[in-house]
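Note that my numbering has the sequence shown beginning at 16, numbered continuously upward. Backbone N, C-alpha and C fix where the C-beta goes; we use that ideal spot for every residue, glycine too.
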Amino acid sequence: MRQLLVDYARTHRASKRGAVWRRVSIDQEVVVPGTTTFDLVVLGDAFEKLAKRDARAAGVTEMRLLAGLTPKEIAYLLGVSEQTAEADWSFARRWLKKEIGEG
16 MRQLLVDYAR THRASKRGAV WRRVSIDQEV VVPGTTTFDL VVLGDAFEKL AKRDARAAGV
76 TEMRLLAGLT PKEIAYLLGV SEQTAEADWS FARRWLKKEI GEG
């Protein structure tokens, strides 16, 4: 699902129309307070880097943002403690904010 959204954004960005890149809103936990938009391609690229750095944190992020799962549900699926799932989520949020230049 995430890759489909990123591919769509890349295709749209490269369209012949030449329209200015449009920003869309995302879960407020990922966006820095006071901002309501993000660049999906930049986020997709940052997410790929996160997956290479910490695959479990990337998995937690996908489950949290794309599937809407709670830390308890994520912990159960991954076979880790709820605290570990929350720590991975916290790390991923901070890392992504820094990587996309908003933190």
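Pairwise C-alpha distance: residue j and residue i
{"i": "Glu120", "j": "Lys113", "result": "Outside the displayed range of the chain (16 to 118) lies residue 120, so it cannot be described from this structure."}
{"i": "Glu152", "j": "Gly83", "result": "Summary: the structure shown does not reach residue 152, with the chain confined to residues 16 through 118, and so no result is reported for it."}
{"i": "Asp54", "j": "Glu97", "result": "30 Å"}
{"i": "Ala107", "j": "Thr85", "result": "15 Å"}
{"i": "Asp22", "j": "Ala70", "result": "21 Å"}
{"i": "Lys87", "j": "Val95", "result": "10 Å"}
{"i": "Glu63", "j": "Gln18", "result": "10 Å"}
Beta-carbon gap between residue i and residue j smaller than 9 Å
{"i": "Val75", "j": "Leu58", "result": "no"}
{"i": "Leu65", "j": "Leu20", "result": "no"}
{"i": "Ala61", "j": "Trp104", "result": "no"}
Contact set for residue i: own chain, Cβ-Cβ below 6 Å, skip 5 residues either direction
{"i": "Gly116", "result": "none"}
{"i": "Ile89", "result": "Val75, Met78 and Ala100"}
Beta-carbon proximity list for residue i, same chain, < 7 Å, skipping 5 on both sides
{"i": "Tyr91", "result": "none"}
Beta carbon proximity, residue i to chain B, threshold 9 Å
{"i": "Arg108", "result": "Considering every chain present, this structure includes no chain B. It has just one protein chain."}
Sequence-distant residues of its chain with Cβ nearer than 8 Å to residue i (five each side left out)
{"i": "Arg68", "result": "Trp110"}
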